[in-house]
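Data first, discussion second: the structure below is written as structure tokens.
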Amino acid sequence: MGYSRKVLQYFLHPKNVGEIDNPSVTAKAGSPACGDMIKLYLKIEDERIVDAKFKSYGCAANIATASILTEMIIGKSVEDVKKIKFKDIVEA
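In our numbering, the protein residues as written are -19 to 72.
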């Protein structure tokens, strides 16, 4: 099965790639066994995500998902971000 045009766009031109100096939060997720890993960096001010960046290793879908997620959460409250489900990212 091939990737959708949207996934390929985010894979070829990902947004928010990199690290944040002095992040408020960092998190890692994925499976080293299969090779898909993401490290997420967040800057939080007044309970709001003011910046989000990521480093990702893996397939096109993994990189695209991380890119879409960072675009979705910048500007949102921490409480709203906690409510985001994988389905929300897929439908974005």
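Every residue, glycine too, gets a C-beta built ideally from N, C-alpha and C. A quick note: this is a predicted structure, and the numbers were derived from the prediction, not measured.
Note to self: So Ser57 and Glu27 are supposed to be a Cβ contact under 8 angstroms. How far apart are they, rounded?
What the structure shows: Glu27 and Ser57 do touch by the CB rule: their CB atoms are close to 6 angstroms apart, below 8 angstroms.
Next item on the list: Alpha carbon to alpha carbon, how far is Asp60 from Glu(-1)? Give it in angstroms, no decimals.
Entry: Near 23 angstroms, if we compare the C-alpha coordinates of Asp60 and Glu(-1).
Note to self: At 4 residues or longer, what runs of the alpha helix (DSSP H) sit wholly inside the region 40 to 71?
What the structure shows: List check, alpha helix (DSSP H) in window: 40 to 53, 58 to 62 and 66 to 71.
Check: For the alpha helix (DSSP H) that Lys93 lies in, which residues bound it at each end?
Finding: No statement about residue 93 is possible, as the shown extent of the chain runs from -19 to 72 and does not include it.
Next item on the list: Return the CA-CA distance between Lys62 and Gly(-18), expressed in angstroms with no decimal places.
Entry: Going by the C-alpha atoms only, they are around 31 angstroms apart.
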